[in-house]
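Structure first, then comments.
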Amino acid sequence: MKIKVRPEDFIVEEIINLPCCAKGNFTLLRLQKRYWNTLDVIDFVARKLNVSKNRFSRAGLKDRYSFTTQYLSFAGDFDQVIEEKNFTLVPVVKIPKPVSPAVLEGNRFSLVIRCLTEQEIKKILDNYPQISKFGFPNYFDEQRFGSARHQQGFFAKFLMLGHFRGALKSLLCFPYKEDEKKIKEFKKFCAENWGRWDGCLKIAPREFKKILAYLKDNPKDFKNAIKQIDPDMLNLYLLAYQSYLFNETLYLLIKETQNEIVEIPYAYGRFAFYKQPENFDFIKDLKIPMLNEKTDLNGFCGRLISEVLKKEKIQLRDFKLNKMRFRGVRFKPLSRPAVVLPRDFTIGEPQDDEIYQGKKKISLNFTLPPGTYATILIKRLII
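Residue 333 in UniProt numbering sits at position 333 of the sequence shown, with consecutive numbering throughout.
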């Protein structure tokens with residue numbers, strides 16, 4: 001089985017609910033892209049137009065390995081169409097308020113799964129009606145944990161414990177396999193020349209220059225070096241660790257409430273899936289908190305969360321980030337459904353795969369709530 005062989009095999013379109021008007025202080029923009037992530041597009045356009053990237057707002061984040069249509073807003077007038085390699089940004093209409101996650105109602109997916117065997121096709125067709133009726137556990141998938149892909153720990157956990165040197169090392173010294181060659185070489189150089197900030201700065205990619213320029217002048221001040229990182233990026237690092245803790249809690253929940261489960265390993269733990277669910281009326285309405293310092297540890301979910309905290313050797317008070325505070329960076333008090341049901345879920349007839357000879361392909365169409373991963377649905381579909 002293969003997904004995302006081509007960007008057009010994984011089409012995502014945001015569904016937003018936003019009032020439009022002839023007048024407004026913001027411009028709604030439609031972004032279509034492939035091979036770019038959302039934040040990189042915003043950064044590129046802001047530099048191209050010589051405007052602050054803070055004038056752009058977004059509803060969601062979309063990764064680079066898909067063909068996506070999503071919406072941004074710009075504070076002020078935005079009249080030009082921007083066409084670059086692999087993305088187009090088009091002004092749509094004036095709006096009275098900026099785009100935000102609050103206006104995102106869901107995402108519509110059109111997918112092609114390739115390189116399928118006859119046995120995999122049978123599993124998909126057998127599992128399809130079960131998923132349509134009972135949904136699937138609402139795990140975050142691996143792409144959520146980009147800042148920990150090097151398997152050296154979560155940046156946010158280092159911050160929580162006041163290990164600022166470790167946090168910076170995790171960022172600067174350990175390459176991801178997906179990194180471009182020049183970034184891998186830079187991180188290797190940093191690992192071998194830790195503390196020689198002048199040399200590191202000379203070869204640093206743009207996104208690391210501000211950190212290293214600060215360290216060049218303040219060689220041991222790791223805490224304030226971290227504050228040179230864009231707050232939006234720091235919040236994503238916090239969200240990655242919150243998401244991991246959510247997954248660990250949901251895993252325990254599925255194991256405890258279901259007799260028949262199938263487990264799948266992933267880079268940071270294990271996913272547990274039900275097939276014919278038990279206690280479905282209970283789990284389908286259950287929401288699990290994304291942890292912060294005020295999370296309630298009473299009740300059923302609280303007991304599971306306490307187990308996860310014990311395993312991680314952290315306490316709720318660590319989420320206050322008392323050892324490093326600055327404006328706008330915090331663990332936000334969110335909650336997330338334990339189970340999600342896809343809407344408008346349809347599946348096509350298996351066809352011969354024109355790319356992988358002798359194999360089959362199949363198309364899927366469905367709509368998911370904001371933040372739910374289509375790749376988790378696919379994992380459930382193939383077990």
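Glycine included, every Cβ here is placed at the ideal spot set by N, Cα and C.
| said: Below 8 Å on the Cβ atoms is my contact criterion, and I expect K360 with I15 to pass it. Report the Cβ-Cβ distance as a whole number of Å. | reply: Incorrect: roughly 30 Å between the Cβ atoms, too far for contact.
| query | DSSP beta-bridge partners for T88? | reply | Q32 and E83
| Do Q152 and S132 have their C-beta atoms within less than 8 Å of each other? | no
| task | Verify whether the separation of the beta carbon atoms of E13 and N86 is less than 8 Å. | result | no
| Apart from the five residues on each side of it in sequence, which residues of its chain come closer than 8 Å, Cβ to Cβ, to C306? | The identity of residue 306 in the sequence shown is Ser, whereas the question assumes Cys. Taken in chain order, the residues that qualify are L297.
| task | Determine the extent of the beta strand (DSSP E) in which residue 386 is found, giving its start and end residues. | result | It is not possible to answer for residue 386, since the shown part of the chain is limited to 1 through 383.
| request: Mind reading off the beta-carbon distance from F145 to Y268? Whole number of angstroms is fine, and I expect it under 8 Å. | output: 6 Å
| query | Is Y65 closer than 8 Å to E142 when the C-beta atoms are compared? | reply | no
| query | In terms of residues, what are the limits of the beta strand (DSSP E) holding I362? | reply | K360 to L368
| query | Is the beta carbon of P289 less than 8 Å from the beta carbon of S335? | reply | yes
| request: Keeping to the same chain, check which residues put their C-beta closer than 7 Å to that of F222; ignore five residues upstream and five downstream. | output: F164, R165 and L168
| Would you report the Cα separation of V5 and S363, rounded to the nearest angstrom? | 13 Å
| query | Using the rule of at least 16 other Cβ atoms within 10 Å of the residue's Cβ for burial, across every protein chain shown, is R303 buried or exposed? | reply | exposed
| Between the CA atoms of Q32 and V112 - distance to the nearest angstrom | 19 Å
| field | Nearest-angstrom Cα separation, counted from N365 out to L49 | value | 37 Å
| request: Spell out a yes or no on whether the region 324-338 and the region 228-248 are touching, meaning 3 or more CB-CB pairs, one atom from each, closer than 8 Å. | output: yes
| Closest to Q286 by CA distance: which of E260, K310, L252 and V339 is it? | For the sequence presented, residue 286 should be read as Leu rather than Gln. When only C-alpha atoms are compared, the closest one is V339.
| For K62, does the count of other Cβ atoms within 10 angstroms reach 16, so buried, or fall short, so exposed? | buried
| field | Secondary structure, alpha helix (DSSP H): runs of 4+ residues fully inside the region 265-334 | value | 280-283 and 299-312
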